[in-house]
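These notes concern the structure reproduced below.
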Amino acid sequence: MSSVNLSTITKKFGNVTAVKELDLQIKEGEFFTFLGPSGCGKTTTLRMIAGFYYPTEGKVKFNDKDMTTVPPEKRNTGMVFQNYALFPHMTVSENVAFGLKVRKLDKSTIMKKVKDVLQKVRLEPYIDRQVSQLSGGQQQRVALARALVIEPDILLLDEPLSNLDARLRDEMRTEILRLQREYGITTIYVTHDQVEALSMSDRIAVFNFGECQQVGTPTEIYNHPINDFVAEFIGETNLFHVELEETVNNNARYQCGELGVAIDVAQPAVLDDREDVDLKISIRPEAVKVSNENIEGSNVLRGKVKIVQFTGAAVHTVIELSGGNQLKVTTLNEGSFTYLKEGADVVMQLPPDKIRVVPTLRERS
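Residue numbers (our numbering): 6 to 370.
Quick look at the structure:
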């Protein structure tokens, strides 16, 4: 296992800066995820760790060893690509053994290692089958086995589940996490899927505009986003512009023109050193209280149910407020008698201790 230290990494392609001044430390044995939209710099960062790209500025270190310009084949990393990159004319065994043959191991050692890893990914019965005859999930496990069989110090996965259907993605998330825990290997995972990031990671780095916006555990990222981009990208949220009216201790009151009311918040805003910061309140749909009857307390709103979406475990409701703004509400499915009806008038409360006040992210110039 190895730790990974990225020190002020910048990668430029001509006049385009894909990654800007990135500092990250990934611990030994950690499952670390790069999360963000397309073009945000996460895959470029992964490829600099793998050695496929060299940084324009900064250093890449494994433990304390400088790997910045070391070629990929000398980094002892295992890579799983989005399209798996398997050899279709080879069997499962031949695909998995490829990296070991390159390392010139003897045949008996290669076969033992291949059988061991195929047993761990639960593909031993398919050892002599052509990979073209396998399902998508099975091909994904062959790609994992090929990366793991060389006993890498670091496992790198670039959106490995994006080609699978929803049910299979759920299964493979569990499978990848099981293997990572079993091997105890340092794993860096790239995805744009928030569910993958939240359910699998020890820590997450959220990327946008080629910069890392926030690093933290899944609960830290979800419950305490650093700005409006992170709040909106990690799960559903309701965002409204506000202006500070007054602060008393850790409680604050904000004027919200979009909601037409003053909003009380039981925690201070997340601010930086700029004086002209635009602020927003963020509240998760599951934190909003909604009722057909009156609700006592602060931050009470009234509206009309516009859309009700049943998803099985939960019910998602869109409520239209006066002025045309909308509020998203999520409730657990506790039976059809609890579902709100489209067109019904309802009362909502935004609990002061569930509201996060965050700065608006400015695009990089």
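Every residue, glycine too, gets a C-beta built ideally from N, C-alpha and C.
Cβ-based neighbour list, residue i, same chain, cut-off 8 Å, excluding 5 preceding and 5 following
i, result
"ARG307", "LEU326, SER327, ASP350, VAL351, VAL352 and MET353"
"GLU347", "VAL310, LYS311, ILE312 and VAL313"
"THR96", "ILE132, ASP133, ARG134, GLN135 and VAL136"
"SER113", "none"
"VAL362", "VAL247, ALA257, TYR259, VAL270, GLN272, PRO273, ALA274, VAL275, LEU284, LYS285, ILE286 and SER287"
"ILE300", "LYS294, VAL352, MET353 and GLN354"
Cβ-based neighbour list, residue i, same chain, cut-off 6 Å, excluding 5 preceding and 5 following
i, result
"GLY104", "ILE155"
"ARG258", "GLU250, GLU251, ALA267 and ASP269"
"VAL235", "VAL211, GLN218 and GLN219"
"GLN331", "VAL323 and GLU325"
"ILE360", "VAL270, ILE286 and ILE288"
"ILE181", "none"
"SER137", "PRO93"
"LYS32", "SER8"
"HIS321", "GLN314 and THR335"
7 Å Cβ shell around residue i - same chain, five flanking residues per side excluded
i, result
"TYR227", "LEU203, ILE239 and GLY240"
"GLY221", "ARG208 and ILE209"
"GLU237", "LEU244"
"VAL75", "GLY56"
"ALA292", "PRO356 and LYS359"
DSSP-derived helix/strand/coil call for residue i
i, result
"THR179", "helix"
"ASN213", "strand"
"ASP358", "helix"
"TYR58", "coil"
"SER287", "strand"
"LYS106", "helix"
"PRO364", "strand"
"GLN143", "helix"
"VAL101", "helix"
"PHE342", "helix"
"ARG307", "strand"
"SER206", "coil"
"ASP233", "helix"
"SER43", "coil"
"ASP350", "strand"
Selected residue, minimal CA-CA separation from residue i, among the options
i, options, result
"LYS294", "GLY340, ARG186 and PRO357", "PRO357"
"GLU216", "LYS25, GLN185 and SER8", "LYS25"
"VAL122", "LYS109, LYS112, LYS333 and LEU149", "LEU149"
"VAL94", "ASN338, ASN304 and ASP133", "Reading off the sequence, residue 94 comes out as His, not Val. Looking at the Cα atoms, ASP133 is the closest of the given residues."
"CYS261", "ILE312, ILE231, TYR131 and LEU355", "LEU355"
"VAL282", "PHE36, HIS246 and LEU139", "HIS246"
"TYR344", "ILE300, SER296 and VAL363", "SER296"
"LEU27", "ASN304, ILE54 and TYR188", "ILE54"
"ARG151", "SER167, ASP170 and ALA102", "ALA102"
"VAL305", "ALA319, PHE342, GLN185 and LEU264", "LEU264"
"PRO77", "ASP69, PHE57 and THR191", "PHE57"
"ARG183", "LEU110, ASN299, LEU169 and ARG146", "ARG146"
"THR38", "LEU128, LEU244 and MET205", "MET205"
"ARG174", "TYR188, LEU153 and GLN144", "GLN144"
"SER167", "LEU366, GLY329 and ARG178", "ARG178"
"ALA90", "GLY141, LYS109 and GLU225", "GLY141"
"LEU366", "ASP233, ASN255 and GLU291", "ASP233"
"ILE190", "PHE214, ASP158 and ASN213", "ASP158"
Identified DSSP bridge partners for residue i
i, result
"CYS261", "VAL266"
"THR15", "GLU62"
"LEU184", "LEU184 pairs with nothing; no bridge assigned."
"HIS321", "GLN314 and THR335"
"ILE159", "THR82 and THR191"
Residue i beta carbon near the ligand COA (any heavy atom closer than 7 Å)
i, result
"GLY83", "Absence of the ligand COA from the depicted structure is noted, as is the absence of any ligand whatsoever, leaving it without description."
CB contact check: residue i to chain C, cutoff 8 Å
i, result
"ASN81", "Given the protein chain composition of this structure (a single chain), no chain C is represented."
Contact between the region 55 to 62 and the region 11 to 31: three or more CB pairs below 8 Å?
yes
Does the region 40 to 47 come close enough to the region 79 to 94 to have 3 or more Cβ pairs within less than 8 Å?
no
Can we say the region 157 to 176 touches the region 190 to 201, given the rule of at least three CB pairs closer than 8 Å?
yes
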